[in-house]
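Protein chains in written order, with the working numbering: chain A, 1 to 388; chain B, 389 to 772.
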């Protein structure tokens with residue numbers, strides 16, 4: 001564990017000092033060629049940066065110091081994320097840090113914590129998420145992958161899909177059905193599985209952008225030690241659900257559309273489009289949609305800083321940010337005219353822009369992490385309390 | 389709601405039904421999505437044998453007068469073929485060659501050249517493409533830098549043409565250029581010394597060509613048209629091309645919406661087909677309305693175009709159709725991804741191919757905003 005992390009109380013710093021320190025480090029150390037990349041970053045690209053962060057004690061800002069984290073409070077956490085986003089730092093395959101690590105801390109046994117947390121922090125274990133199935137997407141609780149207890153092992157059969165970067169991962173955290181009699185959300189368990197276990201096959205899936213970033217994962221009589229169960233048997237839904245709050249704040253970050261907004265403005269300026277009142281109106285409307293979204297985001301950030309849990313109303317952030325991002329990428333393509341549909345980086349009036357990739361990458365943003373439809377259902381039911 | 393029927397008669401209507409049947413038969417047997425996927429991103433872009441079969445069916449000559457070996461039919465007939473082929477995402481350059489190039493050449497006044505080249509275009513032996521545009525978003529045929537400098541035997545051509553559809557296997561280009569006496573339109577075989585073609589990959593797996601010209605020689609006999617005739621040839625080709633691109637957009641949106649509706653009826657979540665959820669029903673209905681609007685506008689525009697209106701009316705009709713069809717197709721194909729969920733974002737699933745074709749067609753020959761602007765300039769009583 002890095003001595004630097006354990007020794008420092010970042011929360012004692014003023015917000016400005018902390019922001020300056022993060023900014024200086026990111027600007028000095030983050031590889032310039034990986035800024036604002038237009039694909040999901042792979043482990044091979046990110047491992048050096050991961051190790052640099054870990055050496056400084058900064059890889060796990062959300063973790064407590066006893067496990068090598070920075071133990072940031074919510075306010076500092078927001079600053080940390082903002083500074084990385086501001087610089088266009090790509091997200092490494094970090095589900096071990098953001099997702100399964102905190103779950104193991106909260107629900108795992110002492111032995112699980114001792115084994116998994118240090119290896120996850122160091123990057124020895126890279127995690128992917130095994131939740132969705134071909135017939136269980138928005139309706140996740142209808143999942144069918146079965147884990148049958150035989151002695152001291154679960155025998156897992158079934159398949160998971162849309163598993164991001166599974167081919168970069170060493171381990172998968174899995175929701176599997178352990179009780180077929182129980183109703184939907186009951187009877188599901190949360191398992192940690194080594195991807196080298198015999199019986200697991202991966203098949204990568206090519207996406208609209210032509211990249212292979214997610215996988216289909218097949219389980220054929222995969223034997224998983226009972227000791228890899230996190231939380232109580234049949235209680236995996238509670239474990240998985242415990243996370244969704246902060247993730248939804250992050251996913252609604254108004255900085256997400258930054259590349260598209262920045263390129264749109266540069267291209268528009270270079271081509272004189274801002275002199276066109278019709279274009280200017282649409283451009284400014286979108287920019288205000290993002291800035292006003294940032295004001296809304298700010299309210300939720302304040303709530304988190306006050307230590308209050310995020311409620312179901314945070315769903316509106318994801319809807320607004322992601323849908324605005326999509327419309328922005330549509331205008332970017334239009335601004336490119338014929339060049340807007342040519343693949344790769346284009347020179348548009350002296351400005352370099354990739355027109356198609358932002359469009360492609362914003363498409364699933366209203367599908368993953370709870371589709372816009374599901375988010376609207378949540379708002380209608382739990383916020384507006386409309387009858388069902 | 390029924391628009392004025394095209395110049396024609398029951399005979400014409402019957403002919404279109406037969407044509408539609410023959411296109412449906414062709415797309416069932418002569419092409420499939422595996423072929424389309426195989427050709428994506430390849431330098432040849434399309435399949436010359438399939439092109440030959442399209443020629444054999446007479447489709448490449450629909451707009452070519454009979455005395456040059458064509459069928460001498462109208463845009464209404466061409467739209468039937470274009471829409472049907474677009475439903476199957478065929479990559480063959482029907483609009484680029486059998487509409488843009490054929491119209492520009494036929495509208496010229498070089499009868500000897502037409503007698504030589506149009507029959508070869510109709511038979512599929514020669515596949516020419518129209519090269520007029522130079523700058524992204526600039527669609528005025530007169531706004532070009534390419535120069536044609538006269539010499540005793542003809543012209544010396546220099547300049548760069550971009551965004552040429554159908555360039556991948558083009559055997560010849562119709563190239564517009566400035567002279568001291570206005571615009572000329574010249575016929576340039578691909579293999580001409582001083583002419584080089586580069587390809588840029590498009591979202592839909594086809595490509596735009598860039599034609600670089602440095603003192604490429606064009607003999608007098610290959611001048612397609614000069615001055616006002618050249619300007620009118622280009623304008624006519626552009627408007628007719630935009631109308632047929634609209635028909636392709638209609639084919640793309642029709643098939644895409646069918647796929648979404650099938651999915652809404654079969655995908656089960658929360659214990660019922662997702663199409664049973666009212667929120668999705670309303671979205672599907674809104675998309676259906678867009679498709680119907682697009683079809684109605686296009687039908688009306690095609691009928692009016694086939695009556696041979698003046699240039700300003702022609703431009704307005706083409707712009708109205710392209711603006712609506714492109715916006716509707718973009719909306720329907722984008723929503724197709726959302727309605728399908730994650731599977732819609734995979735390359736294996738065809739919804740993405742329809743989205744990419746819609747993107748490409750929408751950007752080609754003027755995007756919707758450009759067309760609405762032009763419409764506004766031309767519409768009586770609307771200040772530009």
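All C-beta atoms, glycine included, are put in the ideal place defined by N, C-alpha and C.
Minimum C-alpha distance to residue i - residue among the options
i: residue 429 of chain B; options: B/528, B/588, B/451 and B/573; result: B/588
i: residue 505 of chain B; options: B/577, B/440, B/405 and B/554; result: B/577
i: residue 287 of chain A; options: A/320, A/307 and A/314; result: A/320
i: residue 553 of chain B; options: B/614, B/605 and B/481; result: B/481
i: residue 391 of chain A; options: B/627, B/737 and B/763; result: There is simply no residue 391 of chain A to check, as chain A begins at 1 and stops at 388 in what is shown.
i: residue 690 of chain B; options: B/710, B/673 and B/547; result: B/710
i: residue 467 of chain B; options: B/443, B/488 and B/634; result: B/634
i: residue 325 of chain A; options: A/50, A/253, A/197 and A/347; result: A/253
i: residue 278 of chain A; options: B/760, B/447 and B/462; result: B/760
Chain B contact for residue i (CB, 8 angstroms cutoff)
i: residue 159 of chain A; result: no
i: residue 217 of chain A; result: no
i: residue 342 of chain A; result: yes
i: residue 371 of chain A; result: yes
i: residue 315 of chain A; result: no
i: residue 367 of chain A; result: yes
i: residue 103 of chain A; result: no
i: residue 10 of chain A; result: no
i: residue 205 of chain A; result: yes
i: residue 180 of chain A; result: no
i: residue 396 of chain A; result: The displayed coordinates of chain A run from 1 to 388. Any statement about residue 396 of chain A would go beyond what the structure contains.
i: residue 40 of chain A; result: no
C-beta atoms of residue i and residue j nearer than 8 angstroms
i: residue 625 of chain B; j: residue 530 of chain B; result: no
i: residue 612 of chain B; j: residue 493 of chain B; result: yes
i: residue 224 of chain A; j: residue 200 of chain A; result: no
i: residue 195 of chain A; j: residue 171 of chain A; result: yes
i: residue 679 of chain B; j: residue 720 of chain B; result: yes
i: residue 647 of chain B; j: residue 739 of chain B; result: yes
i: residue 643 of chain B; j: residue 479 of chain B; result: no
i: residue 337 of chain A; j: residue 751 of chain B; result: yes
i: residue 250 of chain A; j: residue 81 of chain A; result: yes
Through-space distance from residue j to residue i, alpha-carbon basis
i: residue 728 of chain B; j: residue 378 of chain A; result: 20 angstroms
i: residue 60 of chain A; j: residue 149 of chain A; result: 34 angstroms
i: residue 670 of chain B; j: residue 113 of chain A; result: 49 angstroms
i: residue 601 of chain B; j: residue 483 of chain B; result: 24 angstroms
i: residue 349 of chain A; j: residue 592 of chain B; result: 24 angstroms
i: residue 450 of chain B; j: residue 510 of chain B; result: 9 angstroms
i: residue 714 of chain B; j: residue 32 of chain A; result: 39 angstroms
i: residue 10 of chain A; j: residue 65 of chain A; result: 11 angstroms
i: residue 211 of chain A; j: residue 39 of chain A; result: 8 angstroms
i: residue 395 of chain A; j: residue 256 of chain A; result: Here chain A has residues from 1 to 388 only, and residue 395 of chain A is not among them.
i: residue 542 of chain B; j: residue 498 of chain B; result: 14 angstroms
i: residue 203 of chain A; j: residue 167 of chain A; result: 9 angstroms
i: residue 610 of chain B; j: residue 490 of chain B; result: 15 angstroms
i: residue 189 of chain A; j: residue 234 of chain A; result: 5 angstroms
i: residue 697 of chain B; j: residue 623 of chain B; result: 13 angstroms
i: residue 549 of chain B; j: residue 762 of chain B; result: 23 angstroms
i: residue 816 of chain B; j: residue 606 of chain B; result: No statement about residue 816 of chain B is possible, as the shown extent of chain B runs from 389 to 772 and does not include it.
i: residue 677 of chain B; j: residue 686 of chain B; result: 14 angstroms
i: residue 355 of chain A; j: residue 586 of chain B; result: 20 angstroms
CB contact check: residue i to chain A, cutoff 8 angstroms
i: residue 651 of chain B; result: no
i: residue 755 of chain B; result: yes
i: residue 720 of chain B; result: no
i: residue 733 of chain B; result: yes
i: residue 524 of chain B; result: yes
i: residue 765 of chain B; result: no
i: residue 694 of chain B; result: no
i: residue 548 of chain B; result: no
i: residue 414 of chain B; result: no
i: residue 736 of chain B; result: yes
Item to complete: Could you say if the segment 564-577 of chain B and the segment 524-540 of chain B meet the contact criterion of at least three C-beta pairs nearer than 8 angstroms?
Response: yes
Worksheet entry | Segment contact flag, the segment 272-291 of chain A with the segment 251-261 of chain A, C-beta cutoff 8 angstroms, min 3 pairs | yes
Worksheet item: Is there contact here, the segment 331-338 of chain A with the segment 396-412 of chain B, by at least three beta-carbon pairs under 8 angstroms?
Response: no
Fill in: At least three beta-carbon pairs within less than 8 angstroms, the segment 512-531 of chain B to the segment 554-562 of chain B
yes
Discussion item. Check whether the segment 134-145 of chain A and the segment 153-170 of chain A are in contact - that is, three or more C-beta pairs closer than 8 angstroms.
Written reply: yes
Worksheet item: Is the segment 125-133 of chain A touching the segment 89-97 of chain A in the sense that three or more CB pairs, one from each, lie closer than 8 angstroms?
Response: yes
Worksheet item: Using 8 angstroms as the Cβ pair cut-off and three pairs as the minimum, do the segment 465-480 of chain B and the segment 405-415 of chain B touch?
Response: yes
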